[in-house]
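Peer 1: Handing you this structure, nothing more for now.
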Amino acid sequence: MGHTYGRRRALLKRMQRGFTMVEVIVAIGMLTLVGLAAAQFAITAVHSSYAHQQRAIAVGLAESGMEQVQESVKGKDGNTIFSTLTSGMSKSGAQEALKAATDLNVIENASDTIDLGWNDSPSATAIQAKVETNDRQGKGTTYTVYTVVGKCYRLSTQASCLSASKQGLVTSSGAVGAYKYVGEGNKSVDAASITDATKFPTGPFNTGTASSPTYSPMVRVVVLVTWPDSQHQGKTCWYSTATIFDGSNDDTLKSK
1486 MGHTYGRRRA
1496 LLKRMQRGFT
1506 MVEVIVAIGM
1516 LTLVGLAAAQ
1526 FAITAVHSSY
1536 AHQQRAIAVG
1546 LAESGMEQVQ
1556 ESVKGKDGNT
1566 IFSTLTSGMS
1576 KSGAQEALKA
1586 ATDLNVIENA
1596 SDTIDLGWND
1606 SPSATAIQAK
1616 VETNDRQGKG
1626 TTYTVYTVVG
1636 KCYRLSTQAS
1646 CLSASKQGLV
1656 TSSGAVGAYK
1666 YVGEGNKSVD
1676 AASITDATKF
1686 PTGPFNTGTA
1696 SSPTYSPMVR
1706 VVVLVTWPDS
1716 QHQGKTCWYS
1726 TATIFDGSND
1736 DTLKSK
């Protein structure tokens, strides 16, 4: 009996030691899982925080770009706004900026909504179509600021501002109809001011008849900021802002 009882006690002790070991292994596994989950949460939180920071920087850059646009035309006549804003934009730079905006669907149906503008002899001191800048926190993010400037025309009976071809001012063959400036003694509109990317009509115009609708030339401006997506490799983040200026010598654009 004594030997049997001793063997049972030894067996029970071994079983207790086995259960304890299993419990330790389970506990270690649970702690590992919790630790991994916490680490993943921390990494996600850091990435999310950085993504929000990047967007905040981009918003600031876009707003700063639009403020620069607004300031550059302050006090100017409406029909000089276009030439002022395009004075620093080369053809290739303007086309690259428009492509970036259309590729990201920032400007949808660009051929229907904007006639791109540029300058044949761009100034290096004026607003540029493309500017790259790095964040000031030194985290290596490069932001690209695109500024797109173009013409569009608002029909007196409509609210939308559309391209010359979409408004029917230019035919599919490139011909421009015969138009007269409103209130300028039936002065004819130079076709080049509509078809040429470096020129702009001097004011509202129509066909010269009393019943003809009036077309008001406008300047469409889009400021787009792009930067690499920190959470999805190979993708691009963007933020944009836009405005339209009246190209008809609107007094509200002038300094008081």
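Per our numbering, the sequence shown starts with residue 1486, numbered consecutively. Glycine residues also receive a C-beta, built at the ideal position from the N, C-alpha and C atoms. Only a predicted model underlies this, so the values are computations on that prediction, with no experimental measurement involved.
1) Please go through the same chain and pick out, in chain order, the residues whose beta-carbon is closer than 6 Å to the beta-carbon of Y1631, but skip the five residues on each side of it.
2) Can you list, in chain order, the residues of its chain whose CB lies under 7 Å from that of L1570, leaving out five sequence neighbours each side?
3) Buried or exposed: A1547, going by 16 or more other Cβ atoms within 10 Å of its Cβ?
4) CB-CB under 6 Å to M1574, same chain, minus the five flanking residues each way: which ones, in chain order?
5) Quickly, what does DSSP pair I1729 with across the bridge? List them, please.
6) For Y1700, which residues of its own chain have a beta-carbon under 8 Å away from its beta-carbon, when the five flanking residues on both sides are left out?
7) Please report the straight-line C-alpha distance between W1712 and P1698, rounded to a whole angstrom.
8) Need the endpoints of the beta strand (DSSP E) that K1615 sits in, please.
9) Relative to the C-alpha of V1686, which candidate in G1732, G1668, S1657 and D1714 has its C-alpha closest?
10) Would you kindly work out how many angstroms separate the C-alpha atoms of Q1538 and V1544, rounded to a whole number?
11) Run the CB neighbour count on L1647, radius 10 Å, all protein chains shown included, and call it buried at 16 or more, exposed below.
12) Could you name the residues that DSSP lists as bridge partners for F1567?
13) If the criterion is Cβ atoms closer than 7 Å, does the pair T1626 and D1620 meet it?
14) Kindly list the residues whose CB is nearer than 7 Å to the CB of T1737, restricted to its own chain and excluding five residues on each side of it in sequence; keep chain order.
15) Below 8 Å on the Cβ atoms is my guess for W1723 versus L1589; work out the distance and round it to an integer in Å.
16) Bridge partners for D1600 per DSSP, in chain order?
17) CA-CA distance, K1739 and E1552?
18) Under 7 Å between the Cβ atoms of A1536 and Q1716?
19) Name the residue from G1560, T1721, A1727 and T1728 whose alpha carbon lies nearest to the alpha carbon of R1540.
20) Alpha carbon to alpha carbon, how far is S1678 from I1566?
21) Per DSSP, P1607 forms a beta bridge with which residues?
22) Between which two residues does the alpha helix (DSSP H) containing G1578 stretch?
23) Using three-state DSSP, classify L1647 as helix, strand or coil.
24) Report the three-state DSSP secondary structure of S1678 (helix, strand or coil).
Peer 2: From the atom records:
1) Residue numbering aside, residue 1631 sits at position 146 when the sequence shown is read from its first letter. Same-chain partners within the cutoff: A1582, A1585, K1615 and L1709.
2) Looking up residue 1570 in the sequence shown gives position 85. For L1570, where only same-chain residues beyond five positions count, the Cβ hits under 7 Å are V1554, S1557, V1558, I1612, V1634, V1704 and V1706.
3) In the sequence shown, the residue the question calls residue 1547 occupies position 62. Result: buried.
4) The residue labelled residue 1574 in the question sits at position 89 within the sequence shown. These residues qualify, in order along the chain: W1603, N1604, P1607 and A1614.
5) Position 244 of the sequence shown, counted from the start, is the residue given in the question as residue 1729. Answer is R1705.
6) For the purposes of this step, residue 1700 is identified with residue 215 of the sequence shown, where counting begins at 1. Cβ neighbours of Y1700 beyond the five flanking positions: Y1638, R1639, L1640, S1641, Q1652, L1654, Y1664, P1689, F1690 and N1691.
7) Here residue 1712 corresponds to residue number 227 of the sequence shown, with the count starting at 1. Here residue 1698 corresponds to residue number 213 of the sequence shown, with the count starting at 1. Between W1712 and P1698, the C-alpha separation is close to 43 Å.
8) Position 130 of the sequence shown holds residue 1615. In the DSSP assignment, K1615 falls within the beta strand (DSSP E) that extends over K1615 to N1619.
9) Position 201 of the sequence shown holds residue 1686. Inspection of the sequence shows that residue 1686 is occupied by Pro rather than by Val. The option with the nearest alpha carbon to P1686 is G1732.
10) For the purposes of this step, residue 1538 is taken as residue 53 along the sequence shown, with counting starting at 1. For the purposes of this step, residue 1544 is taken as residue 59 along the sequence shown, with counting starting at 1. For Q1538 and V1544, the distance between alpha carbons rounds to 10 Å.
11) Numbered from 1 along the sequence shown, position 162 holds the residue referred to as residue 1647. Around the CB of L1647, 16 or more other CB atoms lie within 10 Å, so the residue is classed as buried.
12) The sequence position of residue 1567 within the sequence shown is 82, counting from 1. Under the DSSP definition of a beta bridge, F1567 lacks any partner.
13) If you number the sequence shown from 1, residue 1626 lands on position 141. If you number the sequence shown from 1, residue 1620 lands on position 135. Yes, they are a contact pair.
14) The residue you call residue 1737 lines up with position 252 of the sequence shown. Low confidence applies to T1737: its pLDDT is 39, below 50, so where it sits in the model is not reliable enough to give any reading.
15) Translated into the one-based positions of the sequence shown, residue 1723 becomes position 238. Translated into the one-based positions of the sequence shown, residue 1589 becomes position 104. About 5 Å; that satisfies the 8 Å criterion.
16) Taking the first residue of the sequence shown as position 1, residue 1600 is located at position 115. Beta-bridge pairing links D1600 to K1636.
17) Along the sequence shown, one-based indexing puts residue 1739 at 254. Along the sequence shown, one-based indexing puts residue 1552 at 67. Because K1739 carries a pLDDT of 38, less than 50, the predicted location of this residue cannot be relied on, and no value is offered for it.
18) Counting from one through the sequence shown, the residue named residue 1536 turns up at place 51. Counting from one through the sequence shown, the residue named residue 1716 turns up at place 231. In this structure, Q1716 lies closer than 7 Å to A1536 by Cβ.
19) On the sequence shown, position 55 is the one that residue 1540 refers to. That would be T1721, whose Cα lies nearest to the Cα of R1540.
20) Numbered from its first residue, the sequence shown carries residue 1678 at position 193. Numbered from its first residue, the sequence shown carries residue 1566 at position 81. Taking the straight line joining both Cα atoms gives about 14 Å.
21) For the purposes of this step, residue 1607 is identified with residue 122 of the sequence shown, where counting begins at 1. DSSP, once it has assigned bridges, lists no residue as partnering P1607.
22) On the sequence shown, residue 1578 is found 93 positions in, with the first residue counted as 1. Start and end: K1576 to D1588.
23) For the purposes of this step, residue 1647 is taken as residue 162 along the sequence shown, with counting starting at 1. In this structure, DSSP gives L1647 an extended state, which the three-state scheme calls strand.
24) Here residue 1678 refers to the residue found at position 193 when the sequence shown is read from its first residue. When secondary structure is reduced to three states using DSSP, S1678 falls in the helix class.
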